[in-house]
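Engineer:
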Amino acid sequence: MKLTRGKRRTARARDAHTLAGAYAMDAISESDRVRFERHLAGCDECAQEIAGLREATARLGAATAAPVPPGLKERVMAAAAVTRQQAPAAEPDSPARVGAVSRAGAWLRSLAWPGRLVMAAAGAAAAAALAVAVVFGVSNGSIQQQLDQAQASSHQIAVVLTAKDARMMTGPVTGGGTATIVMSHAQRALVFTAAGLHALPSSRGYELWLIGPAGTRPVGMLPQGSHGMTGPVIASGLHDGDHLALTDEPASGSSQPSTSMMLDVDL
Amino acid sequence: MTFTGGPDPRDPDGPETPTRPAKAAAKDLAAQIGLIARGDPGAFDAVFEQVGPSVFGIVRRVMRDPAQSEEVTQDVMLEVWRNASKFDSTRGSAMAWVMTLAHRRAVDRVRSVQKESERERRTASADIPYDEVMEAVESSLERERVRRCLKSLTGLQRESVTLAYYGGYTYDQVAGLLGVPTGTVKTRMRDALIRLRDCLGVAV
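Note that the protein sequences, when read in sequence, are chains B and L. Letter by letter, the first sequence follows residues 98 to 364 of our numbering. Letter by letter, the second sequence follows residues 4 to 207 of our numbering.
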C-alpha cells in the first residue's frame, strides 16, 4: 500500500483487511459482505489472501465429509438434466438453444455407459423432456406456445424427478423393450419412459393406463422419441391401489384397453 | 415381471481412494468442472462422487437438520451444474469454489430462519463445536491433519473458527458468545485461518 494515499484510506483498508478471516468463513452480515466485496474488487492483494484462506476453510469443510443420503445423487442428476446452465460471462447468450440440444445429446450418449443404468435412465427421461422442448420449439407454427407447453411439462417432470420420495423402477415390457418409471407418492405422479419397444405400424400406438379402484383412466399415447426412446409421459392424480398398464391401441387412442397388457405394474 | 428399485449394484464407482495423490485429484476436479460447463453429465457425476460427501458434511454441520441439509446439498450441487462456467481455476481450487458455495448457502439458509429459534441454537451450538467436530472426524490422514492443525491454534482462535465456520455465526455473534471485543475476534479469525492455511500446506 502506498503511503501517499493518505491516512484515512490506510486505516479503512486495514480495517477491511482484518475482515478477511470473517469474510472467508461467511461470518459477516450481509451489509459487511457487500462492503468487503467492494473493497476486494480493487485490492488484488486481498483477493489473493481470501483465496488462500478459502483453501483452508475448504479443508475444514472437507473434514466433515459424510456419506451422501441414498438417492440424493440420482435426484440431483435428474434435476440437472432439466436445468439450464449459465453461459460463460464473455459469450453472447444467443446460441443457448443450440447448447440445450447438445446437452440433451450428451445425456443420451451417457446411456451408453455400462454400470450406470438406473441413473442414466432418469437422465434419459429428463433429457427426452429437454429434447421435446427443443424440437417443438423449432418445428411448429406457434413456437412460443409450444415451447411454453413443453416447458410446463418439463417442469412437471422435474417436480416428480426431484421429489424427496422419488423412486425409480425399471423392468421389461412383454414383447420387447424396457420401461422406466420414476414415481413420487407425495406428488401422486409418475414419469414413464420406455426404450427398445417393438415398432408398431403407423396406425397403432402404445397407450398408457392407470387402473385401480378409482377406475380405468387413459394416461395418454407414448410419444415417439429419438434414439429408440419414447418421450417421457407424466401421469398425475395417482390413487391408492392403482396399477400402471401399457397396451397396443389404435393410433388415435382408446377409452378402454382393447388388447392384452404388455406391462402391469402395481404402484 | 420383476421391478427393481434403487441404484444399480454393478456401479463400479466407489469413493475416491485415499492413496490417490491429492494434487492430481484437485487438477482432475478443476478439469471436470470445465467439462460440466460444457454440459457433460458424466463429469457432473464424477464431481458429485468427489465433492458430494464434503458438501453434505459441511451443510449438515452448519444446519443440523438432516432433511434441510439434503435440500441445501441438492441446491448447491445444482448451482455447481448451473454455474460451472463461472469457475475460474486461476482464482483458487475447484474444491474451495464448491465448498465456498456450500458453506455460504448453508449459512444463508440458517440465518434466514434463525430469528425464531436463535436462543435455542445459541445454547445448543455454544456447547458443541470443538468436541463434536472432533468426534465426527474419522480417522483418515486428511482429517487427522485438519485435526492436528486445529489443535495448533490458540484456544480463542480455535473457538472463533469453530463457532464461525462450523456454527455459522457472524463475528459479532462469536464475540458475544465468547465475551470478547469484536475487533479481537476479527483479528483472531484472520490469524487462525492464516495459521491453518500454513499448517495445512495449502498452495495458492
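We treat Cβ as the ideally placed atom computed from N, Cα and C, and that holds for glycine. Since the structure is predicted, the reported quantities are computational estimates derived from the model, not experimental observations.
What's the call for B/H295, buried or exposed, on a 16-neighbour Cβ count within 10 Å?
Structural biologist: Within the first sequence, residue 295 of chain B is the residue found at index 198, counting from 1. Result: exposed.
Engineer: Looking at C-beta atoms only, is the number of pairs between the region 328 to 345 of chain B and the region 295 to 311 of chain B that lie closer than 8 Å three or more?
Structural biologist: yes
Engineer: Can you pull the chain L residues whose beta carbon is under 7 Å from the beta carbon of B/R135, in chain order?
Structural biologist: Counted from its first residue, the first sequence places residue 135 of chain B at position 38. What B/R135 touches in chain L: nothing, since even the nearest Cβ is about 17 Å away.
Engineer: Which of the three DSSP states, helix, strand or coil, is assigned to L/P69?
Structural biologist: What you label residue 69 of chain L is simply residue 66 of the second sequence in a count that begins at 1. The answer is helix: DSSP assigns L/P69 an H, G or I state.
Engineer: What residues from the region 180 to 197 of chain L come within 9 Å of chain B, judged by C-beta to C-beta, listed N to C?
Structural biologist: Listed by position, the residues of the region 180 to 197 of chain L near chain B (Cβ gap below 9 Å) are G186, V188, K189, T190, R191, M192, R193, D194, A195, L196 and I197.
Engineer: Pairing CB atoms from the region 25 to 45 of chain L with CB atoms from the region 72 to 79 of chain L, are three or more of them under 8 Å?
Structural biologist: Cβ pair count under 8 Å is below three, so no.
Engineer: Going by DSSP, what residues sit across from B/M265 in a beta bridge?
Structural biologist: Counted from its first residue, the first sequence places residue 265 of chain B at position 168. Paired residue(s): B/V279.
Engineer: From this set, L/S92, L/F90, L/V101 and L/C152, which residue's C-alpha is nearest L/D78's C-alpha?
Structural biologist: In the second sequence, residue 78 of chain L corresponds to position 75, counting from 1. The option with the nearest alpha carbon to L/D78 is L/V101.
Engineer: List the residues of chain B whose Cβ lies closer than 7 Å to the Cβ of L/I61, in chain order.
Structural biologist: In the second sequence, residue 61 of chain L corresponds to position 58, counting from 1. Chain B residues near L/I61: G158 and T161.
Engineer: Quick one: list the residues of chain B neighbouring L/A87, beta-carbon separation under 9 Å, in chain order.
Structural biologist: Position 84 of the second sequence holds residue 87 of chain L. Correct list: Q182 and Q183.
Engineer: When DSSP builds the beta bridges, which residues end up paired with B/Y303?
Structural biologist: Locating residue 303 of chain B in the first sequence gives position 206, counting from the first residue. Paired residues: B/D345.
Engineer: Report the neighbours of B/F174 on chain L: residues whose CB is nearer than 8 Å to its CB, in chain order.
Structural biologist: Your numbering for residue 174 of chain B matches position 77 in the first sequence. Correcting the residue type first, residue 174 of chain B is Met in the shown sequence and not Phe. Result: P44, F47, D48 and F51.
Engineer: Residues of the region 252 to 276 of chain B with a CB closer than 7 Å to any CB of chain L: list them in chain order, please.
Structural biologist: R264, M265, M266, T267, G268 and P269
Engineer: Indicate whether at least one CB of chain B lies closer than 8 Å to the CB of L/V177.
Structural biologist: Here residue 177 of chain L refers to the residue found at position 174 of the second sequence. By this cut-off, L/V177 is an interface position.
Engineer: Could you give the distance in angstroms between the alpha-carbon of B/L150 and the alpha-carbon of B/A121?
Structural biologist: Residue 150 of chain B sits at position 53 when you count from the first residue of the first sequence. Residue 121 of chain B sits at position 24 when you count from the first residue of the first sequence. Distance between the alpha carbons of B/L150 and B/A121: 6 Å.
Engineer: So that I know if they touch, is there some Cβ in chain L lying closer than 8 Å to that of B/V165?
Structural biologist: Position 68 of the first sequence, counting from 1, holds the residue named residue 165 of chain B. With 8 Å as the cut-off, B/V165 counts as an interface residue toward chain L.
Engineer: Excluding the five sequence neighbours on either side, which residues of its own chain have a C-beta within less than 8 Å of the C-beta of L/T190, listed in chain order?
Structural biologist: Locating residue 190 of chain L in the second sequence gives position 187, counting from the first residue. Closer than 8 Å at the Cβ level, and outside the excluded window around L/T190, lies no residue.
Engineer: When you compare the CB positions of B/A332 and B/V316, do they come within less than 8 Å of one another, or not?
Structural biologist: The sequence position of residue 332 of chain B within the first sequence is 235, counting from 1. The sequence position of residue 316 of chain B within the first sequence is 219, counting from 1. When the beta-carbon positions are compared, B/A332 and B/V316 come within less than 8 Å of each other.
Engineer: Opposite B/D337 in the DSSP bridges: which residues?
Structural biologist: Here residue 337 of chain B refers to the residue found at position 240 when the first sequence is read from its first residue. DSSP lists no partner for B/D337.
Engineer: Nearest CA to the CA of B/I278: which residue from B/R156, B/S300, B/R301 and B/L343?
Structural biologist: Position 181 of the first sequence, counted from the first residue, corresponds to residue 278 of chain B. The candidate whose alpha carbon is nearest that of B/I278 is B/L343.
Engineer: Could one say the Cβ of L/A33 lies closer than 8 Å to chain B's Cβ atoms, at least one of them?
Structural biologist: The residue you call residue 33 of chain L lines up with position 30 of the second sequence. It does not; no Cβ of chain B falls within 8 Å.
Engineer: With distances taken from CA atoms, which of L/T185, L/S155 and L/R161 is nearest L/C202?
Structural biologist: Taking the second sequence and counting its residues from 1, one reaches residue 202 of chain L at position 199. It is L/S155.
Engineer: Any heavy atom of the ligand SAH inside 7 Å of the beta-carbon of L/F47?
Structural biologist: Among the components of this structure there are no ligands whatsoever, and the ligand SAH is therefore not found.
Engineer: Taking L/A28 as the query, report the chain B residues whose CB atoms sit under 7 Å from its CB, ordered along the chain.
Structural biologist: Numbered from 1 along the second sequence, position 25 holds the residue referred to as residue 28 of chain L. Those do not exist, as L/A28 stays about 11 Å from chain B at its closest Cβ, beyond 7 Å.
Engineer: Go through its chain and collect everything with a Cβ distance to L/A167's Cβ below 8 Å, but skip five positions before and after it.
Structural biologist: Counting from 1 along the second sequence, the entry for residue 167 of chain L is found at position 164. The answer, listed in chain order, is T173, Y174, V177 and M192.
Engineer: Examine chain L for any beta-carbon lying closer than 8 Å to the beta-carbon of B/G54, and answer yes or no.
Structural biologist: Because residue 54 of chain B is not part of the residues shown, which for chain B are 98 to 364, the question remains open.
Engineer: Under a three-way DSSP split, which group does B/I254 fall into?
Structural biologist: Here residue 254 of chain B corresponds to residue number 157 of the first sequence, with the count starting at 1. B/I254 falls in the helix class under three-state DSSP.
Engineer: Using 10 angstroms around the beta-carbon of B/V131, count the other beta-carbons present and answer buried if the total reaches 16, otherwise exposed.
Structural biologist: Here the question's residue 131 of chain B lines up with position 34 in the first sequence. It is exposed - the Cβ of B/V131 has fewer than 16 other Cβ atoms within 10 Å.
Engineer: Among L/A109, L/T103, L/D68 and L/M80, whose alpha-carbon lies nearest the alpha-carbon of L/E52?
Structural biologist: Mapped onto the second sequence, residue 52 of chain L falls at position 49. The candidate whose alpha carbon is nearest that of L/E52 is L/M80.
Engineer: Considering B/D361, what are the terminal residues of the beta strand (DSSP E) in which it resides?
Structural biologist: Within the first sequence, the letter at position 264 stands for residue 361 of chain B. Counting along the chain, the beta strand (DSSP E) containing B/D361 begins and ends at L360 to D363.
Engineer: Helix or strand or just coil, what does DSSP make of L/R41?
Structural biologist: Reading the second sequence from its first residue, position 38 is the one you call residue 41 of chain L. Reduced to three states, the DSSP call for L/R41 is coil.
Engineer: At the level of alpha carbons, what is the spacing between L/R200 and B/Q182?
Structural biologist: Position 197 of the second sequence, counted from the first residue, corresponds to residue 200 of chain L. Position 85 of the first sequence, counted from the first residue, corresponds to residue 182 of chain B. Between L/R200 and B/Q182, the C-alpha separation is close to 33 Å.
Engineer: Taking a contact to mean a Cβ-Cβ separation below 8 Å, would you say B/D129 touches L/R107 in this structure?
Structural biologist: If you number the first sequence from 1, residue 129 of chain B lands on position 32. If you number the second sequence from 1, residue 107 of chain L lands on position 104. No, they are not a contact pair.
Engineer: Of all the CB atoms in chain L, is at least one closer than 8 Å to the CB of B/G118?
Structural biologist: Locating residue 118 of chain B in the first sequence gives position 21, counting from the first residue. Chain L contact via Cβ: present.
Engineer: Alpha carbon to alpha carbon, what distance is there between L/A33 and L/A97?
Structural biologist: Counting from 1 along the second sequence, the entry for residue 97 of chain L is found at position 94. Counting from 1 along the second sequence, the entry for residue 33 of chain L is found at position 30. Approximately 5 Å between the Cα atoms of the pair.
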